[in-house]
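J.:
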Amino acid sequence: MKWETLGFNDIPDILNSVDDGLFQGLLDYAYDVKRKTVGTKVYFRGLIEYSNICIKNCYYCGIRRDNRSARRYTMTPAEVADAGMLAYRQGMGSVVLQSGERTDGAFIDTVTDLIVRLKEVSGGKLGITLSLGEQSPDVYRRWFDAGAHRYLLRIETSSPALYARLHPADHDYGRRVECLSVLKGIGYQTGTGVMIGLPYQTAGDLAGDIEFFRDMDIDMIGMGPYILHSDTPLASGFEDAHATQTERFRLSLKMVALTRILLRDVNIAATTALQVLDPAGREKALRAGANIIMPNITPSKYRPDYTLYQGKPCADEEPEQCMGCLNARIRMIGEEVGLNEWGDSPRFKERAEAATASSIPVRNDT
Ligand code: 5AD
Ligand code: SF4
Ligand code: FES
77 MKWETLGFND IPDILNSVDD GLFQGLLDYA YDVKRKTVGT KVYFRGLIEY SNICIKNCYY
137 CGIRRDNRSA RRYTMTPAEV ADAGMLAYRQ GMGSVVLQSG ERTDGAFIDT VTDLIVRLKE
197 VSGGKLGITL SLGEQSPDVY RRWFDAGAHR YLLRIETSSP ALYARLHPAD HDYGRRVECL
257 SVLKGIGYQT GTGVMIGLPY QTAGDLAGDI EFFRDMDIDM IGMGPYILHS DTPLASGFED
317 AHATQTERFR LSLKMVALTR ILLRDVNIAA TTALQVLDPA GREKALRAGA NIIMPNITPS
377 KYRPDYTLYQ GKPCADEEPE QCMGCLNARI RMIGEEVGLN EWGDSPRFKE RAEAATASSI
437 PVRNDT
């Protein structure tokens with residue numbers, strides 16, 4: 077394979093290949109591209125799993141509305157502020173506030189206050205990323221005005237047909253795409269991503285996912301393997317359509333590598349789900365082109381209940397333990413941790429510079 081001339085048309089063949097030499101060659105080339113485009117500094121985003129209450133009913137997710145066996149929680153504002161302070165003191169440039177989806181007024185107001193508090197505890201320094209699902213343009217704007225600057229909203233799959241098989245009829249693919257456009261228009265650094273190895277997902281669908289990232293001009297990408305949760309319709313009803321764990325893991329690493337090679341200067345997360353399928357999953361993703369890690373900084377008493385999927389690592393660990401552990405893992409593979417920086421992608425920085433010359437609002441690290 078001539079990696080230098082790799083194009084989007086080659087993606088399906090590479091994803092379908094079972095050749096070990098090709099697999100390793102792909103990962104090595106992607107690592108080379110990573111070193112030349114974003115370097116070998118890994119940025120941390122402290123992940124605060126704020127609440128597992130969700131009004132949605134995605135067929136694959138363990139905290140979906142209809143899962144009666146999930147024990148629901150919401151962190152208190154003081155707990156969120158403490159988590160932010162901890163992240164800041166440990167040198168994490170930014171935090172991600174993530175939760176199940178809610179659109180009621182009380183939730184929107186509380187989140188607005190939380191953003192303000194997270195800013196306050198860090199003297200305005202901590203970067204704030206939200207991952208709170210689909211909201212109205214007004215709400216996205218309000219949270220931006222309160223101080224959030226990045227938003228993560230996974231498209232889950234870029235295939236509208238597959239999206240429809242994984243969600244109830246009132247979960248609308250078009251609306252999700254629209255949300256991504258609105259977020260970008262407001263000035264958020266916008267991230268998206270997909271699950272890999274979903275039942276009925278084809279190599280063509282996954283190739284389409286990378287094209288989607290390109291077409292939407294996305295700077296931050298978070299993708300990970302689909303992992304079963306036994307209390308969900310997708311795990312109980314589609315056994316014959318599931319790929320093996322090994323297949324899903326290899327596919328995920330290939331997707332990280334292909335995205336790095338084809339999109340070059342974007343930020344790509346080594347997601348926690350990878351570590352469920354392989355104990356060194358996140359390090360392997362860093363060696364395949366990823367450059368972002370999201371240490372879990374949720375207080376340990378809530379962790380076992382934020383189960384989007386089963387087998388999540390670090391259920392009993394305290395935030396400091398995960399930080400130390402990830403630091404060591406990163407050094408072990410010869411990379412460096414980027415401390416006290418937001419760690420914007422080079423691609424975003426370039427666009428921000430161009431936009432300052434026009435009237436588009438941007439908020440960046442400079
Ligand atoms: N396996 C892997 N990822 C999942 N997510 C939800 N359920 C699962 C699962 N069973 C992911 C979705 C969502 C993110 C917060 O978690 O991609 O966007
Ligand atoms: Fe809710 Fe997100 Fe889970 Fe869907 S994937 S049920 S929106 S938490
Ligand atoms: Fe949590 Fe290793 S990442 S203990």
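Using my numbering, the first residue of the sequence shown is number 77, and each one after it goes up by one.
Cβ atoms here follow ideal geometry from the backbone N, Cα and C, with glycine treated the same way.
(1) Return the CA-CA distance between leucine 362 and histidine 318, expressed in angstroms with no decimal places.
(2) Please name the residue in Lys110, Ala356 and Ile337 whose C-alpha comes closest to that of asparagine 367.
(3) Going by Cα to Cα distance, which pick from Cys401, Gly414, Leu339 and Gly167 is closest to lysine 201?
(4) Which residues does DSSP list as the beta-bridge partners of proline 371?
(5) Quick check: does the Cβ of glutamate 232 come within less than 7 Å of any heavy atom belonging to the ligand 5AD?
(6) Tell me the rounded alpha-carbon separation between isoleucine 231 and methionine 77.
(7) To the nearest angstrom, report how far apart alanine 346 and glycine 300 are at their CA atoms.
(8) Keeping to the same chain, check which residues put their C-beta closer than 7 Å to that of tyrosine 149; ignore five residues upstream and five downstream.
(9) Taking C-alpha atoms, which residue in Leu259, Ile337, Gly160 and Ile297 lies nearest to valine 215?
(10) My output table needs one value for aspartate 432: the three-state DSSP class, helix, strand or coil.
(11) Is glutamine 397 near the ligand FES - that is, is its Cβ less than 7 Å away from at least one heavy atom of it?
(12) Measuring only the C-alpha atoms, how far is threonine 455 from glutamate 426?
(13) By the three-class DSSP mapping on this structure, what secondary structure does arginine 218 have?
(14) Counting only runs of 4+ residues fully inside the region 137 to 216, write out the alpha helix (DSSP H) ranges in chain order.
(15) Measuring from the CB of leucine 353, is there a heavy atom of the ligand FES at a distance below 7 Å?
(16) Isoleucine 406 by DSSP, collapsed to three states: which one?
(17) Quick one: grab the DSSP three-state call for glycine 273.
(18) Identify the continuous beta strand (DSSP E) that holds serine 127 and give its terminal residues.
(19) Along the chain, where does the beta strand (DSSP E) that runs through alanine 391 open and close?
(20) Does any heavy atom of the ligand 5AD sit closer than 7 Å to the C-beta of tyrosine 126?
(21) Compute the Euclidean distance between the alpha carbons of isoleucine 100 and arginine 324, then round it to the nearest angstrom.
(22) Which whole-angstrom value is the C-beta distance of alanine 333 and glycine 284, which I expect to be below 8 Å?
(23) Contact check, arginine 405 vs arginine 358 under 8 Å by CB: the rounded distance?
(24) Is it buried or exposed, threonine 233, if we count other Cβ atoms within 10 angstroms and call 16 or more buried?
T.: Quick look at the numbers:
(1) Pairing leucine 362 with histidine 318, the inter-Cα distance amounts to about 26 Å.
(2) Lys110
(3) Gly167
(4) Answer is none; proline 371 lacks a bridge partner.
(5) yes
(6) 30 Å
(7) 8 Å
(8) Beyond the five residues adjoining it in sequence on each side, tyrosine 149 comes within less than 7 Å, by CB distance, of Ser127, Asn128, Tyr378 and Asp381 in the same chain, given in chain order.
(9) Leu259
(10) Strictly speaking, residue 432 in this sequence is threonine, with aspartate absent from that position. Reduced to three states, the DSSP call for threonine 432 is helix.
(11) yes
(12) One cannot answer for residue 455 here, as it falls past the ends of the chain, which runs 77 to 442.
(13) helix
(14) 153 to 165 and 181 to 197
(15) no
(16) helix
(17) coil
(18) Per DSSP, serine 127 belongs to the beta strand (DSSP E) from 117 to 127.
(19) That residue, alanine 391, is in no beta strand (DSSP E); it is neither H nor E in DSSP.
(20) no
(21) The identity of residue 100 in the sequence shown is glutamine, whereas the question assumes isoleucine. Straight-line Cα distance between these residues: approximately 16 Å.
(22) Wrong, their Cβ atoms sit about 17 Å apart, outside the cutoff.
(23) 7 Å
(24) buried
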